[in-house]
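Shown next, in structure tokens, is the structure this report addresses.
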Amino acid sequence: MAFEIPVEKWTAAVSALTIGAAEADGGTRTSTVTVGGETTLPFLGFEGDTPNRPAIAMEVLDVPPPNYPEPLSAAFGDAVNDPAVWAKRCVEEFGADMVCLRLAGAHPDQENKSAEDCAQAVKSVLGAVGVPLIIWGCGQPDKDNEIMPRCSEVAAGENCLLGTATEDNYKTITAACMADGHKLITEAPIDINIQKQANILVSEMGLDLSRIVMFQATGGLGYGMEYAYSIMERTRLAALGGDRMLAMPMLSVVGPEAWKAKEARSPEEAAPEWGAAEERGVSWETTTATCFLNGGTDILVMWHPRAVALLRKTIDSLMGEEA
Amino acid sequence: MYAIGERINGMFKAVREAIQAQDPEPIHDLAKQQLAAGANCLDVNVGPAAADPLAAMEWLVKAVREVTDAPLAIDTTKPDVMSKGLELAGPGSVINSTKGQQDQLDIFIPMAVEHNASLIALTIDENGIPRDANGRGEIALRVVAAAMEKGLDPDRLMIDGVILPVNVAQSTPNHVLETIRNIKVLSDPPPKTVLGLSNVSQGTQLRELLNRTYLVMALAAGLDAAILDVLDTELMDAMIASEVLLNKAVYADDFLKAYRA
Numbered sequence: 001m002a003f004e005i006p007v008e009k010w011t012a013a014v015s016a017l018t019i020g021a022a023e024a025d026g027g028t029r030t031s032t033v034t035v036g037g038e039t040t041l042p043f044l045g046f047e048g049d050t051p052n053r054p055a056i057a058m059e060v061l062d063v064p065p066p067n068y069p070e071p072l073s074a075a076f077g078d079a080v081n082d083p084a085v086w087a088k089r090c091v092e093e094f095g096a097d098m099v100c101l102r103l104a105g106a107h108p109d110q111e112n113k114s115a116e117d118c119a120q121a122v123k124s125v126l127g128a129v130g131v132p133l134i135i136w137g138c139g140q141p142d143k144d145n146e147i148m149p150r151c152s153e154v155a156a157g158e159n160c161l162l163g164t165a166t167e168d169n170y171k172t173i174t175a176a177c178m179a180d181g182h183k184l185i186t187e188a189p190i191d192i193n194i195q196k197q198a199n200i201l202v203s204e205m206g207l208d209l210s211r212i213v214m215f216q217a218t219g220g221l222g223y224g225m226e227y228a229y230s231i232m233e234r235t236r237l238a239a240l241g242g243d244r245m246l247a248m249p250m251l252s253v254v255g256p257e258a259w260k261a262k263e264a265r266s267p268e269e270a271a272p273e274w275g276a277a278e279e280r281g282v283s284w285e286t287t288t289a290t291c292f293l294n295g296g297t298d299i300l301v302m303w304h305p306r307a308v309a310l311l312r313k314t315i316d317s318l319m320g321e322e323a
Numbered sequence: 001m002y003a004i005g006e007r008i009n010g011m012f013k014a015v016r017e018a019i020q021a022q023d024p025e026p027i028h029d030l031a032k033q034q035l036a037a038g039a040n041c042l043d044v045n046v047g048p049a050a051a052d053p054l055a056a057m058e059w060l061v062k063a064v065r066e067v068t069d070a071p072l073a074i075d076t077t078k079p080d081v082m083s084k085g086l087e088l089a090g091p092g093s094v095i096n097s098t099k100g101q102q103d104q105l106d107i108f109i110p111m112a113v114e115h116n117a118s119l120i121a122l123t124i125d126e127n128g129i130p131r132d133a134n135g136r137g138e139i140a141l142r143v144v145a146a147a148m149e150k151g152l153d154p155d156r157l158m159i160d161g162v163i164l165p166v167n168v169a170q171s172t173p174n175h176v177l178e179t180i181r182n183i184k185v186l187s188d189p190p191p192k193t194v195l196g197l198s199n200v201s202q203g204t205q206l207r208e209l210l211n212r213t214y215l216v217m218a219l220a221a222g223l224d225a226a227i228l229d230v231l232d233t234e235l236m237d238a239m240i241a242s243e244v245l246l247n248k249a250v251y252a253d254d255f256l257k258a259y260r261a
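In order, the protein sequences belong to chains Y and G.
So that you can map any letter, position 209 of the first sequence is 209 in the numbering used here, and since no number is skipped, the others follow by simple counting.
So that you can map any letter, position 251 of the second sequence is 251 in the numbering used here, and since no number is skipped, the others follow by simple counting.
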């Protein structure tokens, strides 16, 4: 008897959303990114549609990254001293679909940059590249409430993706997002229940569910990747089963997490038996990204250009778009 | 759970009067209120007193369609009225209902296929309501076989184990729970199960408590759908909480709000 692939009948779809606004839509972007819209688990073409390619965002910081592993410093060189130059390289040389500007310098433990400094960084990156922008706070809730409204304001009309709203801190960023016509990232600590609650809370403020991207704090390969993966899979199953409060596209922060692993970042002389440092780091990042791709993620925030190239090839093949 | 709102029924005075006076306003209100309360589908029944059931159904379905595209469960035993209702309601409707005897299945299964509708089948046949779960299971099996033969997918079938008022037949609630569990193994995919919930408490005191408690028990047994009073907030709260406790819905602190959003 011929093998018949079991096909699941899903009742619902992931919502689709577009980031970036071209001139016709009131922005200045030369390209936009649409993600989501899946009607099946990742890439099960025999069962449903994956209408939009997962998008690759490359992360750029507003300050030179402290303790950057050598392979990354080598890849970006002096560009890390200026977010606009850095972003330009990510887009023009490495083909990033989006730039994720993380305002790390605003953190009180870092340079404690002002809202105005952060807004300047946003403006300079918007001016340097035509791709859509993710604007990500420094992670310190009070400081983010100070800087994000101003950053949102200077990017009004550009339809950026702002991050992040959490269960405990969502009002300021959600209000800014709504006022300036952006999209919003809701974040949870690898916890599907808190993720859902965060979505309920921001939607209660009046933000339409179709403007949300979900982020489960990512774990890298060897450091909780499987937890993040299984949460993503459960989230996607809930979405396809009709849970509107979990039916949004998902985002994974791959680069920073993967390169936290000692296997990725240790210099060659510290562990010669592990082989070339660049190969390790790039492999670690690519493996983590590929795993999340299969967990259903829609936007991947990446670091190393070679990992980006490998990931793009993987996406091409999974989408049936191989050259 | 697939919630079918029971309130657009000519047995209720307000609906009966609206039909008689051809006043769509109360029907519009009931449709909107039930959907807002979490109904996935609206039952539409002209009631036993309608002078011309066909004309009344036509008017009633049109009145509901003026305010919503939600699926409708056309509730009548008369094939011509059913057919008219389905035609006006459109694809995705529910036939409520057929009995399990062959002559009825011969009419309603092809009608479900033709109108791309789901079919509620009562476990009643020419011999009446079976005494126990086995008798109900036998009728259900016959219905599933007939549906498959005529090209109606089992998952578009909803088997109703026929609950009787607890003050009339106190052993029935248990039989129906057993029936719900048994039906899950009849086919792959299995047919869905449904209950006309309010019947369990017909003629009793403390109706809401009985409805609510029995719904939770039936959901735990695997019930997929119910025709019920979605405007009973505590009943719907119990249903929503059950889905969370049965791991059918993902928990969030505001899980009630999430369901109703």
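The beta-carbon is built from N, C-alpha and C at its ideal position, and this holds for glycine as well.
Note that the structure is predicted; figures quoted are calculated from it, not measured.
Taking the alpha helix (DSSP H) that Y:Ala165 belongs to, which residues open and close that run?
In the first sequence, counting from the first residue as 1, residue 165 of chain Y sits at position 165. That residue, Y:Ala165, is in no alpha helix (DSSP H); its beta strand (DSSP E) goes 161-165.
With 16 other CB atoms within 10 Å as the buried threshold, where does G:Ser198 fall?
To locate residue 198 of chain G, count along the second sequence from 1; it is residue 198. G:Ser198 should be labelled buried.
For Y:Gln140, which option in Y:Leu237, Y:Gly105, Y:Ser124 has the closest C-alpha, if you only look at C-alpha atoms?
For the purposes of this step, residue 140 of chain Y is identified with residue 140 of the first sequence, where counting begins at 1. Of Y:Leu237, Y:Gly105, Y:Ser124, the residue nearest in Cα terms is Y:Gly105.
Within 8 Å of any Cβ in chain G, is that where the Cβ of Y:Asn193 sits?
Mapped onto the first sequence, residue 193 of chain Y falls at position 193. Interface residue, yes.
Compare the C-beta of Y:Ala289 with all C-beta atoms of chain G and state if any pair is closer than 8 Å.
To locate residue 289 of chain Y, count along the first sequence from 1; it is residue 289. Cβ-Cβ to chain G under 8 Å: no for Y:Ala289.
Through-space distance from G:Asp232 to G:Tyr259, alpha-carbon basis
As a first step, residue 259 of chain G is located in the second sequence; it is residue number 259 there, counting from the start. As a first step, residue 232 of chain G is located in the second sequence; it is residue number 232 there, counting from the start. G:Tyr259 and G:Asp232: Cα-Cα distance of roughly 15 Å.
Helix, strand or coil for Y:Gly255? Go by DSSP, reduced to three states.
Here the question's residue 255 of chain Y lines up with position 255 in the first sequence. In this structure, Y:Gly255 counts as helix in the three-state DSSP scheme.
Using a Cβ-Cβ cut-off of 8 Å (strictly less than) and excluding sequence neighbours within five positions of G:Glu138, which residues of its own chain qualify?
Reading the second sequence from its first residue, position 138 is the one you call residue 138 of chain G. Cβ neighbours of G:Glu138 beyond the five flanking positions: Pro130.
Under three-state DSSP, which class holds G:Val44?
Residue numbering aside, residue 44 of chain G sits at position 44 when the second sequence is read from its first letter. Here G:Val44 sits in strand by DSSP.
What residues in the region 247-258 of chain G bring their beta carbon closer than 7 Å to a beta carbon of chain Y?
So the close ones are Ala249, Val250, Tyr251, Ala252, Asp253, Asp254, Lys257, Ala258.
Can you tell which of Y:Ala239, Y:Thr288, Y:Ala79, Y:Gly242 has its C-alpha closest to the C-alpha of Y:Cys261?
Sequence index remark: in the first sequence, residue 261 of chain Y carries index 261 (1-based). Note on identity: in this sequence residue 261 of chain Y is Ala, with Cys being the wrong assignment. Checking every option, the nearest Cα to that of Y:Ala261 belongs to Y:Thr288.
Tell whether a beta-carbon distance below 8 Å holds between Y:Met58 and Y:Cys118.
As a first step, residue 58 of chain Y must be located in the first sequence, where it is residue number 58. As a first step, residue 118 of chain Y must be located in the first sequence, where it is residue number 118. Cβ atoms of Y:Met58 and Y:Cys118: not closer than 8 Å.
For G:Asp69, which of G:Met57, G:Leu157, G:Gly90, G:Ala56 has the nearest alpha-carbon?
Locating residue 69 of chain G in the second sequence gives position 69, counting from the first residue. For the set G:Met57, G:Leu157, G:Gly90, G:Ala56, the Cα lying nearest the Cα of G:Asp69 is the one of G:Gly90.
Inter-residue CB distance, Y:Gly37 and Y:Ala75 (contact presumed, cutoff 8 Å)
Translated into the one-based positions of the first sequence, residue 37 of chain Y becomes position 37. Translated into the one-based positions of the first sequence, residue 75 of chain Y becomes position 75. Taking a contact as a CB-CB distance under 8 Å, the pair Y:Gly37 and Y:Ala75 does not count as one, their CB atoms being some 33 Å apart.
Just to confirm the assignment, what range does the alpha helix (DSSP H) spanning G:Thr123 have?
Your numbering for residue 123 of chain G matches position 123 in the second sequence. Segment: none, G:Thr123 is in no alpha helix (DSSP H) and carries neither H nor E.
Quick test of your reading: Y:Ala277 and Y:Leu221, contact by CB under 8 Å. State the CB separation rounded to the nearest angstrom.
As a working mapping, residue 277 of chain Y is identified with position 277 in the first sequence. As a working mapping, residue 221 of chain Y is identified with position 221 in the first sequence. No, Y:Ala277 and Y:Leu221 are not in contact; Cβ-Cβ is about 16 Å, not under 8 Å.
Verify whether the separation of the beta carbon atoms of Y:Thr174 and Y:Val202 is less than 8 Å.
Counting from one through the first sequence, the residue named residue 174 of chain Y turns up at place 174. Counting from one through the first sequence, the residue named residue 202 of chain Y turns up at place 202. Yes.
Selection from G:Pro48, G:Ile227, G:Gly135, G:Val143 that minimises the alpha carbon distance to G:Ala39:
Taking the first residue of the second sequence as 1, we reach residue 39 of chain G at position 39. G:Ala39 has its Cα closest to that of G:Ile227, out of G:Pro48, G:Ile227, G:Gly135, G:Val143.
If you follow the beta strand (DSSP E) that Y:Glu187 is in, where does it begin and where does it stop?
For the purposes of this step, residue 187 of chain Y is taken as residue 187 along the first sequence, with counting starting at 1. In the DSSP annotation of this structure, the continuous segment of the beta strand (DSSP E) that includes Y:Glu187 starts and ends at 183-188.
Compare the C-beta of Y:Ala2 against all C-beta atoms of chain G and say whether one is closer than 8 Å.
Counted from its first residue, the first sequence places residue 2 of chain Y at position 2. Not an interface residue.
I think Y:Ala179 touches Y:Ala128, with their Cβ atoms under 8 Å apart; what is that distance to the nearest whole Å?
Here residue 179 of chain Y refers to the residue found at position 179 when the first sequence is read from its first residue. Here residue 128 of chain Y refers to the residue found at position 128 when the first sequence is read from its first residue. Contact annotation, Y:Ala179 with Y:Ala128: C-beta distance approximately 25 Å; criterion of less than 8 Å not satisfied.
Who pairs with G:Tyr2 in a beta bridge, going by DSSP?
Your numbering for residue 2 of chain G matches position 2 in the second sequence. According to DSSP, which records beta bridges pairwise, G:Tyr2 is partnered with G:Ala225.
First and last residue of the beta strand (DSSP E) that includes Y:Arg102?
For the purposes of this step, residue 102 of chain Y is identified with residue 102 of the first sequence, where counting begins at 1. Element bounds for Y:Arg102: 98-102.
G:Val200 and G:Pro165 closer than 8 Å at C-beta:
Residue 200 of chain G sits at position 200 when you count from the first residue of the second sequence. Residue 165 of chain G sits at position 165 when you count from the first residue of the second sequence. Yes, they are a contact pair.
Return helix, strand or coil for Y:Met299, following the three-state DSSP convention.
For the purposes of this step, residue 299 of chain Y is identified with residue 299 of the first sequence, where counting begins at 1. Sequence check: residue 299 of chain Y is Ile here, not Met. DSSP places Y:Ile299 in the strand class (E or B) of the three-state scheme.
Stretch-stretch touch, CB-based, cutoff 8 Å, three pairs: the region 81-89 of chain G with the region 137-152 of chain G
No, because fewer than three Cβ pairs between the region 81-89 of chain G and the region 137-152 of chain G fall closer than 8 Å, the two stretches do not touch.
Residues in its own chain within less than 7 Å of Y:Arg244 by CB, not counting five upstream and five downstream?
The sequence position of residue 244 of chain Y within the first sequence is 244, counting from 1. For Y:Arg244, where only same-chain residues beyond five positions count, the Cβ hits under 7 Å are Leu209.
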